[in-house]
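Residue numbers (my numbering): 1 to 297.
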């Protein structure tokens with residue numbers, strides 16, 4: 001009878017599940033959840049008020065919100081190390097990293113499709129009386145920007161992507177998973193990510209005071225669904241490193257390199273956000289876990 005080698009797996013056998021998490025008492029889990037949500041946010045708000053960053057709104061990669069993101073990320077880092085460690089905060093490389101990159105690239109492609117979404121055809125007549133049909137992008141590309149690209153990408157990677165995802169999907173996700181389960185953690189942490197993105201990210205479109213109150217809803221929907229998508233990727237792969245990298249690349253290419261007009265209100269930005277949101281919904285539907293064995297918390 002052949003002897004089995006320790007650690008060997010039978011060809012075609014299912015991949016063994018991750019080791020079970022340590023059980024946490026409900027009261028402890030609830031207290032950890034409150035701590036992980038409120039403490040980093042309080043530090044970010046305090047520093048934002050002191051520096052005035054809370055009241056400034058800049059363009060993409062302008063670093064106007066850097067103090068807020070720095071406080072959020074630093075407090076999340078030290079608190080997460082104390083409570084969960086690196087693996088508990090989903091800072092995993094290897095196969096989880098590449099799986100996360102693969103899933104997040106789908107969202108990046110969806111954003112690129114929306115960025116180059118054509119608007120309605122416009123017909124004009126030349127001096128000879130011939131009809132000329134013009135098709136322009138919903139949000140035109142004013143220039144291919146390269147100046148300051150290194151600094152912009154570093155800001156997007158370290159502040160917008162790493163700091164916010166470390167808090168939402170590294171810290172809050174883990175506390176929520178201990179308290180209410182993995183799927184709830186994916187959705188709620190994704191909504192928190194989307195709320196922060198809508199409030200602080202440079203590509204967010206917030207209508208002016210003279211516009212309809214509903215004008216900013218497509219932007220809000222875009223960010224919330226983007227967050228839920230990343231939350232599901234975190235749940236399915238157990239790593240946030242891939243989504244951190246792809247988020248920075250997505251914002252850098254879609255909104256920094258292909259520079260939009262300064263006045264987004266005069267463009268079809270709402271149509272773009274709605275179109276990308278629809279694509280995000282399709283990807284979310286395909287990634288939705290069918291059973292708990294799909295979870296990688």
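Every residue, glycine too, gets a C-beta built ideally from N, C-alpha and C.
Spatial neighbours of residue i in its chain, beta-carbon cut-off 6 angstroms, leaving aside the 5 residues before and after
i           : result
residue 166 : 73 and 76
residue 297 : 177 and 182
residue 36  : 171, 172 and 175
residue 197 : 223
residue 271 : 138
Backbone CA spacing between residue i and residue j [nearest angstrom]
i           : j           : result
residue 99  : residue 127 : 57 angstroms
residue 39  : residue 25  : 21 angstroms
residue 292 : residue 158 : 32 angstroms
residue 246 : residue 217 : 25 angstroms
residue 119 : residue 63  : 31 angstroms
residue 65  : residue 23  : 37 angstroms
Own chain, CB closer than 7 angstroms to residue i, minus 5 neighbours either side, in chain order
i           : result
residue 162 : 73 and 244
Reduced DSSP category for residue i - H, G, I as helix; E, B as strand; rest coil
i           : result
residue 113 : helix
residue 240 : coil
residue 225 : helix
residue 140 : coil
residue 308 : Lying before the first or after the last residue shown, residue 308 is absent from the chain, which here runs from 1 to 297.
residue 127 : coil
residue 26  : helix
residue 96  : helix
residue 260 : coil
residue 289 : coil
Outcome for residue i when other beta-carbon atoms lying within 10 angstroms are tallied against a minimum of 16
i          : result
residue 94 : exposed
Unbroken stretches of the alpha helix (DSSP H), 4 residues or longer, contained in the region 161-190 | The alpha helix (DSSP H) runs lying completely inside the region 161-190 and spanning 4 residues or more are 173-180, given in chain order.
Taking the runs of the beta strand (DSSP E) that are 3 residues or longer, which of them lie wholly in the region 57-91?
-> Taking 3 residues as the minimum length, the region 57-91 contains no beta strand (DSSP E) run wholly inside it.
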